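Here's the structure we're looking at; comments come further down.
In the numbering used here, the protein residues as written are 186 to 551.
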């Protein structure tokens, strides 16, 4: 089961009690105090692990505790320290304080480790309290208590490209075609119920990560549908790919405007992200209608065609790419970086789409 948000109480270990003991050996008179110190309580650590992809393993763990330190012993023996507790989380997990809402840590890199709570110190044994005027101390220190915090874990998946579109526009089909992801695909809305990540390979040594989230509908930022609940999973992405359905009863202009409005309503950062547009399901619309719709859509977006003023769907690489505004400003974020008509079912223009996205990802990384 996919879980992306949990609330937990975490506690570090308590320090062990100091020992009250006296040296008692044959032929040793007045041996004196020799009570050892208590062991230190265990710390709480967080570790980021690529092999973990969900927070579901925390569902039944409402209170996570580190081990307490052991009491001290005679002969000045210090008690054993409590073992530290390492909490494993997937990349993209934020540790948030429940009371203040402050983001305490952002776990994004595989192998990243941070200490969260310090274990309590062990108490001192009675050997520390001997003096010329107190040669037989009969008391020792109790161990210090550990720390306790109420936290929330929020998972925001890390991807280079985030797919955004209405339900049943072909997002899952696309990510299954270009990557190693295998989401459920069916001919009904809201087939995708949880976010999916897929790695898109470009040659032998280059790749980028694509994220698919449930479809978005109008009014999503007010709680309608499923998509807005998972938009945080593409909040870290720098690039959005809007999937616009050529075969939908919705007008192309209406689709892009509603999607952009919902994304911007959710997050100001996402609303200003670089984006591109894929016009989907070209295989089930008559070719003449496809060409006409694309031409009108490009004109509405005020884009220059990379193929000139006349668009021919039968030509190779039929996508439109935005020219750089200038060397300083780069690309106009108010306009899509490119528009490409595709069909994942018949593999139409999938390779040009992959390389166009990779080109944009490389620019963003640089």
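Each residue gets a CB set at the ideal place from its N, CA and C atoms; glycine is no exception. A quick note: this is a predicted structure, and the numbers were derived from the prediction, not measured.
Would residue i be called buried (16 or more neighbouring beta carbons within 10 Å of its own) or exposed?
i: residue 399; result: buried
i: residue 329; result: buried
i: residue 550; result: exposed
i: residue 365; result: exposed
i: residue 547; result: exposed
i: residue 214; result: exposed
i: residue 282; result: exposed
i: residue 306; result: buried
i: residue 440; result: buried
i: residue 209; result: exposed
i: residue 225; result: buried
i: residue 241; result: exposed
i: residue 521; result: buried
i: residue 421; result: buried
i: residue 466; result: buried
i: residue 477; result: exposed
i: residue 321; result: exposed
Residue i CB to nearest chain B CB: under 9 Å?
i: residue 272; result: The structure shown contains no chain B; it is built from a single protein chain.
Which of the three DSSP states is assigned to residue i in this structure?
i: residue 215; result: coil
i: residue 319; result: strand
i: residue 335; result: strand
i: residue 351; result: coil
i: residue 396; result: strand
i: residue 519; result: coil
i: residue 205; result: coil
i: residue 326; result: coil
i: residue 533; result: strand
i: residue 381; result: strand
i: residue 193; result: strand
i: residue 343; result: coil
i: residue 357; result: helix
i: residue 424; result: strand
i: residue 386; result: strand
i: residue 442; result: helix
i: residue 481; result: helix
Can you tell which of the options has the C-alpha that lies nearest to the C-alpha of residue i?
i: residue 453; options: 432, 416, 214 and 248; result: 416
i: residue 446; options: 192, 337, 350 and 235; result: 350
i: residue 436; options: 459, 448, 479 and 473; result: 479
i: residue 563; options: 460, 301 and 278; result: Outside the shown range of the chain (186 to 551) lies residue 563, about which nothing can therefore be said.
i: residue 527; options: 429, 474, 449 and 483; result: 429
i: residue 387; options: 190, 222, 538 and 324; result: 538
i: residue 190; options: 314, 339, 488 and 540; result: 339
i: residue 334; options: 475, 484, 487 and 197; result: 197
i: residue 297; options: 233, 309 and 253; result: 233
i: residue 380; options: 470, 393, 391 and 360; result: 360
i: residue 199; options: 222, 228 and 253; result: 253
i: residue 310; options: 259, 332 and 320; result: 259
i: residue 530; options: 356, 393 and 474; result: 356
i: residue 192; options: 336, 444 and 456; result: 336
i: residue 432; options: 236, 188, 332 and 354; result: 354
So, do the region 257-268 and the region 286-294 have three or more beta carbon pairs nearer to each other than 8 Å? With the cut-off at 8 Å, the region 257-268 and the region 286-294 do not touch.
Runs of beta strand (DSSP E) lying entirely within the region 447-475, each at least 3 residues, in chain order: 459-465
Runs of 3 residues minimum, wholly inside the region 220-304: which ones carry the beta strand (DSSP E) assignment? As far as the region 220-304 is concerned, its whole beta strand (DSSP E) runs of at least 3 residues are 229-233, 248-250, 270-274, 278-282, 288-292 and 298-302.
Are the region 204-224 and the region 239-246 in contact at 8 Å, needing three or more beta carbon pairs? no
Any contact of the region 341-356 with the region 209-226, i.e. 3+ C-beta pairs under 8 Å? no
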